[in-house]
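Here is the structure we will look at, set down as structure tokens.
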Amino acid sequence: MPIEIKIRKNEPIDRAIRRMKKKLDRENIIKGVRANRYYEKPCERRRRKNKVQAFTQMLRRRYAE
3 MPIEIKIRKN
13 EPIDRAIRRM
23 KKKLDRENII
33 KGVRANRYYE
43 KPCERRRRKN
53 KVQAFTQMLR
63 RRYAE
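Position one of the sequence shown corresponds to residue 3 (the working numbering), numbered consecutively onward.
Below, the structure written as structure tokens:
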């Protein structure tokens, strides 16, 4: 699904590029491309997810009070 950004009348290119970057960021396209840049073995993927999960749990426990 291509992303379309229509340039408005008298809109500078810089602003249109900024809108495009925000749209890509909201749809997590850049994040997905960067994540798939290299092959990640399943054990590495599990290890990374467990590490993120442990970190979020630690933050929740710390700031739950």
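Ideal Cβ placement from N, Cα and C applies to all residues, glycine included.
- prompt: Using the C-alpha atoms, what's the distance from Y40 back to P4?
  reply: Counting from one through the sequence shown, the residue named residue 4 turns up at place 2. Counting from one through the sequence shown, the residue named residue 40 turns up at place 38. Cα-Cα distance, rounded: 23 Å.
field: Reduced DSSP secondary structure (H/G/I, E/B, other) of N12
entry: By 1-based counting over the sequence shown, the position of residue 12 is 10. Reduced to three states, the DSSP call for N12 is coil.
- request: For my contact list, R21 and I32 are in at a C-beta cut-off of 8 Å; report their separation, rounded to the angstrom.
  value: The sequence position of residue 21 within the sequence shown is 19, counting from 1. The sequence position of residue 32 within the sequence shown is 30, counting from 1. Not quite, the Cβ-Cβ distance comes to about 14 Å (not below 8 Å), so this is no contact.
message: Output needed for I9: all residues of its chain with C-beta closer than 7 Å, excluding positions within five of it in sequence on either side, in chain order.
response: Counted from its first residue, the sequence shown places residue 9 at position 7. Within the same chain, I9 has close Cβ partners A18.
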